[in-house]
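I have placed the structure first, in the form of structure tokens, so that the comments after it can refer back to it.
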Amino acid sequence: MNTLKILNRGHQSLVDVLNDLPDQNVDRGFVTGSWTVRDIIDHLGIYEDLQLEAFRKFLDPTIATPLLDEKARGSFSEFNQKQWEKDRSQDWKEVFGRYAAAHAGLEEIIEKISPELLAKQNASQWYGEGCSLEDIIAFNFGHKKHHTAQIKLFRQRNKI
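If you count the sequence shown from 1, position 67 lands on 1229 in our numbering, and the numbers rise without skipping.
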């Protein structure tokens, strides 16, 4: 599996769907449930950070993983709600900046890991038994693709 290519394909799909989206529309209407475009990008940024923590922990078992630890303490729904409440006052530039920084961090770290280590099973306790680092990227590619499709549909429905 070409982990970096999958990571970047998901990222580019997201960037493409956001291309030319006027800033005033990031908080307009609901893309999914009660989430706006800004909320979804915040959510995806959090999940990029989760991946980054998992990769860093793999390379250095002594580092702290506060976000992964918080996610492990409850359901996905509870975790997502807590993060949304914590981040909802951030503006669009901060939200997208967090996502972009986490993505860049993932790119950098993936380039330093051999394909053999990326494919190594049981690399992360947070993503399930037998999970490799490349599995984490593949899971999150699907997650990002799902939300990218929601944003695309939102833009089509609202002609923006």
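We treat Cβ as the ideally placed atom computed from N, Cα and C, and that holds for glycine. Bear in mind that the values here come from a model prediction, so they are computed numbers and not experimental data.
Simplified DSSP assignment, three categories, for Thr1194:
strand
Span separating the alpha-carbon of Lys1274 from that of Lys1306:
Linking Lys1274 to Lys1306 through their CA atoms gives a straight-line distance of about 23 Å.
Whose C-alpha, out of Asp1178, Arg1200 and Ser1286, is nearest the C-alpha of Gln1186?
Closest by alpha carbon: Arg1200.
Look at Phe1214 and Ala1264 and say whether their C-beta atoms are less than 8 Å apart.
Looking at the sequence itself, residue 1214 is Leu, so the reference to Phe does not match. Yes, the pair counts as a contact, with Cβ atoms nearer than the cut-off.
Note down, one range per segment and in chain order, each alpha helix (DSSP H) of at least 4 residues found wholly within the segment 1285 to 1320.
1295 to 1320
With a floor of 4 residues, list each alpha helix (DSSP H) that falls wholly inside the segment 1169 to 1231, ordered by position along the chain.
1199 to 1221
Of the residues Ala1216, Gln1174 and Asn1170, which one's Cα is nearest the Cα of Ser1286?
Ala1216
Please confirm whether Gln1245 and Ile1208 have their CB atoms less than 8 Å apart.
Note that the C-beta distance between Gln1245 and Ile1208 is below 8 Å.
CA-CA distance, Leu1166 and Glu1278?
14 Å
Taking 7 Å as the limit between beta carbons, can you name the residues of its chain near Asn1242, skipping five residues before and five after?
Taken in chain order, the residues that qualify are His1205.
Give me the Cα-Cα distance between Asp1211 and Asp1222, rounded to the nearest whole angstrom.
16 Å
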